[in-house]
Amino acid sequence: MSHNLLKGKKGIIFGALDEKSIAWRTALRCHEEGAELVLSNAPVALRMGEIKVLAEKVNAPIVGADVTNMDDLKNLFETAMKHFNGGIDFVLHSIGMGLNVRKGKKYTELDYGFNQKTLDISAMSLHRVLRTAWDMDAINEHGSVISLTYIAAQRVFPDYSEMADAKALLESVTRSFGYHYGIRKKVRVNTVSQSPTRTTAGSGIKGFDGFINFAEKMSPLGNATADECADYCVTLFSDLTKMVTMQNLFHDGGFSTTGITADVIEQMEK
Ligand SMILES: NC(=O)c1ccc[n+]([C@@H]2O[C@H](COP(=O)([O-])OP(=O)(O)OC[C@H]3O[C@@H](n4cnc5c(N)ncnc54)[C@H](O)[C@@H]3O)[C@@H](O)[C@H]2O)c1
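For the sequence shown, counting from 1, position 112 maps to 112 in the working numbering; every step adds exactly one.
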């Protein structure tokens with residue numbers, strides 16, 4: 001059901017790989033709420049071609065950009081501003097890649113070359129995106145920028161490995177750049193800390209099935225789905241949350257503040 005919360009707003013959505021992606025679900029909801037969109041993903045992801053299905057559904061152009069490449073980002077913002085005939089109201093950064101995780105390297109045996117790439121793709125890319133927008137003055141007053149993060153930034157989830165460090169850095173960039181962009185243009189910058197979700201990136205974590213079931217049992221409301229995350233992002237892009245910035249916002253069914261649940265106790269007693 002649409003409430004026209006984003007009517008007249010223009011946004012860039014990074015990271016829709018397939019229909020399970022949080023970015024994909026968010027693009028659909030933003031479109032439903034009246035936003036105009038530009039979709040972006042890494043050239044290698046675009047070659048898979050699935051994003052074209054989404055682009056048709058939400059009537060949006062696709063602009064390839066590797067988030068670690070400043071020329072790509074400049075081209076993306078220029079193309080988007082030309083397409084919208086003006087500035088941008090919101091950006092979704094829904095990007096993550098753990099090179100060591102992917103290559104099966106344990107946290108105690110990190111390859112630092114891979115690690116640098118992980119931090120660049122998953123965290124400093126937010127700085128790169130904000131810096132590009134800042135230099136071009138691309139984001140409108142009261143604009144909203146959201147990145148997706150995970151609670152492993154605050155607490156240890158051993159198999160999340162180097163991605164925990166990447167998320168901690170991402171959350172820090174959110175606060176630091178959020179300060180400057182707030183002062184300059186009232187642009188808000190936040191992270192949404194989402195429940196484990198069955199997507200390509202999510203399923204890359206070792207023992208994901210156990211992980212997601214545990215979180216489900218440890219959350220009074222259960223795990224939040226990608227569609228529910230999309231709903232939350234819509235509220236954060238809307239004018240109803242104009243004074244929320246530099247926050248890490250948990251969207252996790254209560255997991256982050258729950259010590260133990262009856263379900264988990266019951267399991268432990270077996
Ligand atoms: N799935 C979960 O359990 C979960 C939980 C909390 C947070 N998150 C975060 O949500 C975000 C979206 O992940 P998802 O779960 O929808 O998985 P996903 O695999 O669908 O999305 C990850 C996206 O990152 C893109 N990407 C990777 N390298 C890139 C690069 N160099 N340039 C541009 N794009 C690049 C991929 O192409 C892909 O579209 C990530 O930041 C992830 O860490 C996921």
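We put the beta carbon where it would ideally sit given N, CA and C, even for glycine. Note that this is a predicted model, so its numbers are computed, not measured.
At a Cβ-Cβ threshold of 8 angstroms, residue 37 and residue 13 count as neighbours.
In summary, residue 198 is exposed, with fewer than 16 beta-carbon neighbours lying within 10 Å of its beta-carbon over all protein chains present. With a beta-carbon spacing of about 31 angstroms, residue 102 and residue 254 fall beyond the 8 angstroms limit used to define contacts. If you draw a straight line from the Cα of residue 169 to the Cα of residue 148, it comes to about 12 angstroms. Selection 92, 87, 118, 19 evaluated against residue 40 yields 92 as nearest (Cα-Cα). Assigned with DSSP and collapsed to three states, residue 89 falls in strand. As for any alpha helix (DSSP H) of minimum length 4 sitting wholly inside the stretch 168-228, the runs are 200-203, 208-217, ordered along the chain.
Per DSSP, residue 101 is one residue of the alpha helix (DSSP H) stretching across 99-102. Contact holds between the stretch 223-241 and the stretch 22-32, because three or more Cβ pairs, one in each stretch, are under 8 angstroms apart.
Around the beta carbon of residue 194, 16 or more other beta carbons sit within 10 angstroms, so the residue counts as buried. Straight across, the Cα-Cα distance linking residue 163 with residue 35 is about 31 angstroms. The nearest non-hydrogen atom of ligand 1 is less than 7 angstroms from the C-beta of residue 200. When DSSP assignments are scanned along the stretch 34-81, the uninterrupted stretches of beta strand (DSSP E) that are 3 or more residues long and fall wholly within it turn out to be 36-41, 62-64. Ranking 97, 135, 250 by CA distance to the CA of residue 201 puts 97 first. In the DSSP assignment, residue 144 falls within the unbroken beta strand (DSSP E) covering 139-149.
Residue 219 sits away from residue 245, with the two beta carbons spaced by 8 angstroms or more.
The residues 29, in chain order, have a CB closer than 8 angstroms to that of residue 231 in the same chain once the five nearest residues on each side in sequence are set aside. The residue from 72, 84, 95, 89 with its alpha-carbon nearest to that of residue 16 is 95.
Residue 248 has its Cβ no nearer than 7 angstroms to any heavy atom of ligand 1. Spanning the alpha carbons of residue 181 and residue 89 requires a straight line of approximately 13 angstroms. Assigned with DSSP and collapsed to three states, residue 115 falls in helix. In the structure shown, residue 127 adopts helical secondary structure according to DSSP, grouped into three states. Bridge pairing for residue 4: absent [DSSP]. Rounded to whole angstroms, the gap between the alpha carbons of residue 81 and residue 151 is 34 angstroms.
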